[in-house]
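Structure first, commentary second.
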Amino acid sequence: MRLSHGFVPTLRETPAEAQIASHRLMLRAGLVRQTAAGIYAWLPAGLRALAKIEQIVREEQDAAGAQEVLMPTIQPAELWRQSGRYDAYGPEMLRIRDRHDRELLYGPTNEEMITDLFRQGVRSYRELPQNLYHIQWKFRDEVRPRFGVMRGREFLMKDAYSFDIDYAGAVVSYRTMMLAYMRTFQRMGLKAIPMQADSGPIGGDLSHEFIVLAPTGESQVFYDAGFEEIDWVGADYRYGNAEDLERFFKQMTSMYAATDEKHDHAEFTALAESRRRSGRGIEVGHIFYFGTKYSAPMGLSLAGPNGQPIVPHMGSYGIGVSRLVGGIIEASHDEAGIIWPDTVAPWKVGILNLKPGDAACDKMTEALYAKLGADALLDDRDDRPGAKFADADLMGHPWQIIVGPRSAAAGEVELKRRATGERATVSPDSALARVLS
RNA sequence: CGGGGCGUGGCGCAGCCUGGUAGCGCGCGUGUUUUGGGUACACGAGGCCGCCGGUUCGAGUCCGGCCGCCCCGACCA
């Protein structure tokens, strides 16, 4: 994108309503604009980051064997009556009526709908296990939306639903998703820690919240240093292999991790001091097993091995995709602005033409832009160098390639790494090589 | 939902107490200037002061109602 004709309305001052860092920076960097309380429009830069995050989630879900579907945002009330949740859900559910006065709702989640789909399409236990997911906008009419997209009313969520013959199968599905989550968050440059969560009467120990570490996070967490050190993406755990998954689950759950509410000081200090970590975190995902809570009342029943009907055991697995945009910024920013991890940055590189109209500057920046393509943002605005530096830092491109009259005349560019502030004067070719490596 | 606060050009704010027809900074446009970290000067565009009603000769300002948004708490991906 050429910034001179791009819709990236950066703000020099912070709008009064934004309190926390990610909200301020998302507004200032032109990622989103608020439409109503807890409802946001995504502008080009924000949408690009959102799409990259969504794509990483998608790739890791697919790698773990889940199948993507897309369910509607609007659901019939009837489905929710079958599970008994229509009356139980309360005012967080946005209820609507169509012209025929039929009761509908804007989906806050999809257990009922997926169970309905599954019972229509699957007949035999031999077709299990299966895991279906979608990435779709949800609406929960929060009493008090806040923190920008971190707690909006409308939000983009990945939710997956597993179907297994029995509890043992459900455990494998659960562990599979847990591994996929560790890999997903790692790829986004985040340190994620699964914390055992309250799961109600059904879940047993199969309910975990995924907390992402961020200095400004909402809750205090204590954990084993292993969560920061282990490379989940590279680890040799194989999906579809129950032993690998058990080994993974043991490694995961053997390390200490707790939020302040559940923190056990004695257990924590039993860890070697060098292994103890504490910090703040933001919840970005939640996985849990819920057995036959929906399959039973909704009549999801398949032919079992001995001809008798079986009721599948289910689990659900959520990731707050739009929340992650805010979460990543909370985890990675400084005074000047956002510091995007390479994998989720709206643009991987910002090319700064410090003097549009200068033949050498124009030629060099255009050549770089042509080679970098869509993942580059070319700042070709007729503006002061200072304004471009400030906006580039604010927008947080992982790399900046800075071209001014002096360096252009010398056939060189300045390459700046946003995360470290490190700068080097190099040839355009070697700048390209480093950015693309 | 309990408590608090705020709605005035795109953004940040003053003006309201003590009614007299709207102002500042930033941004935006034009020109000159400057040219590697938000340059300086000049000129200019842009606001039915959230909405409705009331009081008054006159309402951004006073009174009533409504709507919207934010913060703390309880609640939540």
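3 is the number of the first residue of the first sequence in this note's numbering; add one for each residue after it.
The C-beta atom is built at its ideal place from N, Cα and C for all residues, glycine as well.
Treat the numbers as computed from the prediction; the structure is a model and nothing was measured.
What is the C-beta distance between residue i and residue j, in whole angstroms, given that I count them as a contact (C-beta under 8 Å)?
i	j	result
ALA170	SER164	That pair is no contact at about 13 Å.
ALA31	MET300	Contact flag wrong, Cβ pair sits at about 44 Å.
ALA68	TYR135	5 Å
GLY287	TYR183	6 Å
THR218	GLU332	5 Å
PRO358	ASP384	5 Å
GLY413	SER429	7 Å
LEU354	ILE321	Actually they are not in contact, since the Cβ atoms of LEU354 and ILE321 sit about 34 Å apart, beyond 8 Å.
TYR239	ASP246	5 Å
SER440	ALA194	Residue 440 lies beyond the residue range present for the chain, which begins at 3 and ends at 439; the question has no answer from this structure.
LEU52	ALA79	At roughly 30 Å, the Cβ-Cβ gap does not stay under 8 Å, so LEU52 and ALA79 are not in contact.
Does DSSP put residue i in a helix, a strand or coil?
i	result
ASP226	strand
GLN21	coil
PRO430	helix
ARG425	strand
GLY406	coil
GLU56	helix
ILE167	coil
VAL173	helix
LEU181	helix
GLU414	coil
TYR91	coil
ARG4	strand
GLY388	helix
ARG26	helix
PHE9	coil
VAL313	coil
ARG14	coil
LEU304	strand
ALA435	helix
Report whether the distance from the Cβ of residue i to the nearest heavy atom of the ligand SAH is below 7 Å.
i	result
MET254	In the structure shown, the ligand SAH is absent, as is every other ligand, since no ligand is present at all.
Would you kindly work out how many angstroms separate the C-alpha atoms of residue i and residue j, rounded to a whole number?
i	j	result
GLU368	LEU356	13 Å
LEU181	ASP395	34 Å
ALA216	VAL313	41 Å
ARG142	TYR108	8 Å
THR255	ARG153	28 Å
GLU56	GLU424	30 Å
ALA389	ARG50	23 Å
GLY150	MET190	20 Å
THR186	THR345	11 Å
GLU94	CYS363	55 Å
PRO307	LEU33	53 Å
PRO343	VAL214	14 Å
MET366	HIS265	56 Å
VAL223	LEU192	15 Å
LEU409	GLN77	Per the sequence presented here, residue 409 reads as Ser, with Leu not at that position. Their backbone Cα atoms lie some 59 Å apart in a straight line.
ASP336	MET73	39 Å
MET159	PHE120	20 Å
THR422	ALA376	24 Å
GLU19	PRO400	28 Å
ARG87	GLU70	25 Å
ARG177	ASP226	20 Å
GLU231	GLU275	16 Å
HIS102	THR111	24 Å
GLU62	ALA361	46 Å
HIS315	ARG278	37 Å
Out of the options, state which residue places its alpha-carbon closest to the alpha-carbon of residue i.
i	options	result
LYS140	GLU113, GLY123, VAL124	GLU113
VAL145	PHE120, GLY92, LEU192	GLY92
GLY317	MET257, ARG249, SER175	SER175
SER324	HIS25, SER85, PRO11	HIS25
ASN243	GLN222, GLU15, ALA66, GLY48	ALA66
ILE41	THR422, SER303, PHE157, ARG419	PHE157
MET197	ALA305, ILE167, THR422, TYR258	TYR258
ASP118	LEU374, ALA372, LEU302	LEU302
THR37	ASP168, SER276, PRO147, HIS7	PRO147
TYR291	LEU45, ASP103, PRO74, GLU211	GLU211
PHE250	PHE229, ASP262, LYS264	PHE229
LEU438	ARG386, PRO387, GLY352	GLY352
ALA260	GLY281, MET179, LYS252, SER276	GLY281
MET28	LEU374, ASP382, ILE341	ILE341
LEU5	PRO348, ALA411, GLU245, ALA53	PRO348
GLN138	LEU374, THR75, TYR225, LYS373	THR75
SER85	ILE167, SER297, VAL10	SER297
ALA39	GLY309, ARG155, ILE22	ARG155
Original post:
Counting only runs that start and end within the region 209-286, where is the alpha helix (DSSP H) found for 4 or more residues in a row?
Top reply: List check, alpha helix (DSSP H) in window: 228-231, 244-256, 267-271.
Original post:
Quick one: complete alpha helix (DSSP H) runs, 4+ long, within the region 318-386?
Top reply: Restricted to the region 318-386, the alpha helix (DSSP H) segments that are unbroken, complete and at least 4 residues in length are 323-333, 361-374, listed in chain order.
Original post:
Can you give, in chain order, each stretch of the beta strand (DSSP E) that sits fully within the region 36-80 and has at least 3 residues?
Top reply: Those beta strand (DSSP E) runs which fall completely within the region 36-80 and span 3+ residues are 41-44, 76-78.
Subject >> Inside the region 96-166 only - beta strand (DSSP E) runs reaching at least 3 residues >> reply: Within the region 96-166, the complete beta strand (DSSP E) runs of at least 3 residues are 96-99, 105-108, 132-141, 156-166.
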